[in-house]
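> Residues 42 to 118 in this note's numbering are what the sequence shown lists, from first letter to last.
Don't be surprised by glycine CBs; every beta carbon is placed ideally from N, CA and C.
Structure provided below as structure tokens; questions to follow.
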Amino acid sequence: MKQLTFKHFILKQRVFDLYRYAIRASRGIPDPVARRETIAWIRGEFERNRHLHDVATIEDKIIAGRREIKQILPVAR
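Written out as structure tokens, the structure is:
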């Protein structure tokens, strides 16, 4: 396992914040089935990128994730 830096520690917190932001934004979806599917999709995206260690790539994914959540979930604006 690669040694994590202080920057990785900060980015980890930003990723957790983004995840919580996405889950909270999904509360505005009135259909419970659609909400569960959206939460499953959000979790899947985070799991798919779990292996990333490059700081620049993680920062890019955080920015893209926030932008995507704002586009998909209108409550997130």
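#1: I'd like the list of long-range same chain contacts for LYS48, defined as Cβ closer than 7 Å, with 5 residues on each side in sequence excluded.
#2: For SER67 and ILE80, what's the separation of their Cα atoms in angstroms?
#3: To the nearest angstrom, how far is it from the Cα of GLU88 to the Cα of ALA75?
#4: Counting C-beta neighbours from all protein chains within 10 Å, is the total for GLY106 16 or more, i.e. buried, or is it exposed?
#5: Please go through the same chain and pick out, in chain order, the residues whose beta-carbon is closer than 6 Å to the beta-carbon of ILE83, but skip the five residues on each side of it.
#6: Rounded to the nearest angstrom, how far is the Cβ of ARG55 from that of ILE103, given a contact under 8 Å?
#7: According to the neighbour-count rule (16 or more other Cβ atoms, all chains shown, within 10 Å of its Cβ), is LEU52 buried or exposed?
This is what the structure holds:
#1: VAL96
#2: 7 Å
#3: 20 Å
#4: buried
#5: ALA63
#6: 6 Å
#7: buried
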